[in-house]
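In the numbering used here, the protein residues as written are 9 to 364. No residue lacks a Cβ here, since even glycine has one placed at the ideal position from N, Cα and C. As the structure is a prediction and not an experimental result, all values here were calculated from the model. Below: the structure, in structure tokens.
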Ligand SMILES: *Cc1c(COP(=O)(O)O)cnc(C)c1O
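Put into structure tokens, the structure is as follows:
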């Protein structure tokens with residue numbers, strides 16, 4: 009399939025890099041492709057970023073058939089534009105699609121389209137330390153119909169946003185509320201999918217936690233309210249007695265690509281990573297015994313997010329003196345080192361898109 013390219017007549021410019029923030033600005037172009045039952049995915053095109061017509065009756069607005077991805081392109085120290093594990097993100101996109109009856113994309117084709125889009129907008133990739141181009145592929149159901157059904161038509165978009173350094177002034181360990189009341193997802197539901205509904209489900213708890221002075225919530229399992237799941241919209245890892253422990257992919261949490269990268273790196277960094285069920289009680293007991301060394305979140309936006317305090321049922325524990333631990337720091341330095349071309353990529357994770 010050929011990708012039809014229509015370039016903008018009014019190209020924009022990259023804002024000042026220390027003012028980027030997250031997800032506020034968009035590049036000149038976007039990728040769009042349509043799906044129709046019987047015809048498959050068709051009419052791929054790159055067009056100027058902007059509004060598009062859609063019926064108010066489109067199924068996505070009513071029944072939430074929508075999935076998305078979030079990955080990044082980086083400008084390396086030797087001025088290449090690179091993607092990090094792009095096919096691993098696009099394969100996960102299809103797992104999410106399956107969960108809400110959206111037809112699968114053809115990963116290789118969308119990967120090539122994505123590279124073409126980035127090449128066209130390559131001057132939008134910021135270059136200062138910690139900045140990147142955030143890439144947001146998403147699919148929405150577009151049948152104009154308020155009768156409940158699986159849509160026969162969809163639109164796939166890829167939009168891109170230059171984003172600032174997450175830690176402009178160094179790591180800041182965050183305060184986390186262990187959520188005892190609300191639930192994000194449960195096994196058999198949509199927890200494993202990157203779908204809008206999960207974000208809607210998490211908002212009320214997040215708002216209440218912020219009002220109480222916390223940065224985010226730590227989700228417990230919905231059935232017993234005992235086992236750790238995720239932290240906000242990131243995976244979570246604990247370092248106890250020199251072992252890194254993270255909850256298993258058991259149906260209610262997302263398979264984070266950052267989590268996967270940490271597991272893949274563990275051997276080479278001399279870290280022991282174990283995927284197993286771990287209860288909040290075990291965390292508090294480990295802290296009591298002086299064995300809880302580090303807690304951190306992992307996700308594409310921040311890479312690593314150190315946790316300085318946990319509060320559960322009103323009882324607060326301080327982790328590693330509210331400081332970033334050596335393992336969180338080492339993982340952050342290694343992953344970002346590979347992404348920005350400062351460290352050798354032994355793993356084949358870096359996909360060079362363009363040279364400046
Ligand atoms: C996107 C996401 C993550 C992090 O995944 P990465 O691939 O590492 O960015 C974790 N949990 C949820 C619920 C998410 O939506």
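So, are the CB atoms of residue i and residue j less than 8 Å apart?
i           : j           : result
residue 88  : residue 349 : yes
residue 252 : residue 212 : no
residue 193 : residue 209 : yes
residue 124 : residue 54  : yes
residue 201 : residue 308 : no
residue 143 : residue 79  : yes
residue 134 : residue 25  : yes
residue 339 : residue 270 : yes
Got a sec, what are the start and stop residues for the beta strand (DSSP E) residue i sits in?
i           : result
residue 243 : 243-248
residue 149 : 140-149
residue 301 : 300-307
residue 92  : 88-92
residue 228 : 224-228
residue 74  : 74-76
residue 155 : First-last for residue 155: undefined, no H or E at that position.
residue 281 : 280-283
For the alpha helix (DSSP H) containing residue i, name the first residue and the last one.
i           : result
residue 188 : Where residue 188 is concerned, there is no enclosing alpha helix (DSSP H), given that its DSSP letter is neither H nor E.
residue 341 : 334-347
residue 294 : 288-296
residue 115 : 115-128
If you run the structure through DSSP and keep just helix, strand and coil, what is residue i?
i           : result
residue 83  : strand
residue 395 : Summary: the structure shown does not reach residue 395, with the chain confined to residues 9 through 364, and so no result is reported for it.
residue 272 : helix
residue 215 : helix
residue 205 : helix
residue 106 : helix
residue 359 : strand
residue 262 : coil
residue 33  : coil
residue 98  : helix
residue 25  : helix
residue 63  : coil
residue 69  : helix
residue 316 : strand
residue 48  : strand
residue 353 : coil
Per DSSP, which residues does residue i bridge with? Please list them.
i           : result
residue 12  : 53
residue 323 : 320
residue 169 : 142
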